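K.L.:
Counting from 1, one number per residue, gives the positions in the sequence shown under full-length UniProt numbering.
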Amino acid sequence: MGQLRANQAQLLEKRREADTKDQQIRQDTDALVRMVDQRGQEARDRVLLQQELAAAAADHQDALALLREELAEQHTHNVREQRAHADAQAEDVLERSEAMLR
Numbered sequence: 001m002g003q004l005r006a007n008q009a010q011l012l013e014k015r016r017e018a019d020t021k022d023q024q025i026r027q028d029t030d031a032l033v034r035m036v037d038q039r040g041q042e043a044r045d046r047v048l049l050q051q052e053l054a055a056a057a058a059d060h061q062d063a064l065a066l067l068r069e070e071l072a073e074q075h076t077h078n079v080r081e082q083r084a085h086a087d088a089q090a091e092d093v094l095e096r097s098e099a100m101l102r
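1) So for M1, helix, strand or coil by DSSP?
2) What runs of the beta strand (DSSP E), each 3 residues or longer, lie entirely inside the UniProt region "Disordered" (1-26)?
3) Which of the three DSSP states, helix, strand or coil, is assigned to R102?
4) Using only the alpha-carbon positions, how far apart do A31 and Q50 sit?
5) How many angstroms separate the CA atom of V36 from the CA atom of A43?
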């Protein structure tokens with residue numbers, strides 16, 4: 001009978017050890033799943049951020065191209081106005097010179 005009790009006690013101790021190991025394995029598995037989920041979310045966030053940055057860069061490039069075009073048009077307009085003004089002044093000087101020669 002003593003051997004039976006010893007075997008039962010030993011079996012109970014082995015079950016406790018197995019339960020403890022099983023609980024530790026479950027905790028480790030849960031922690032690993034959480035870590036994988038977190039890293040997956042970080043990867044998705046990184047991809048989303050890269051996409052947003054690419055879209056913002058494209059928007060800025062478009063805005064810069066439009067601004068360059070507007071500046072080029074304004075410059076061309078200013079040059080034409082300056083030339084017209086210079087031509088008008090030259091014409092005025094020429095007319096006054098011709099008038100003085102008469």
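Ideal placement from N, C-alpha and C gives every residue a C-beta, glycine not left out.
On a predicted model such as this, the values are computed, not experimentally measured, just so you know.
P.N.:
In short, the structure shows the following:
1) coil
2) none
3) coil
4) 28 Å
5) 10 Å
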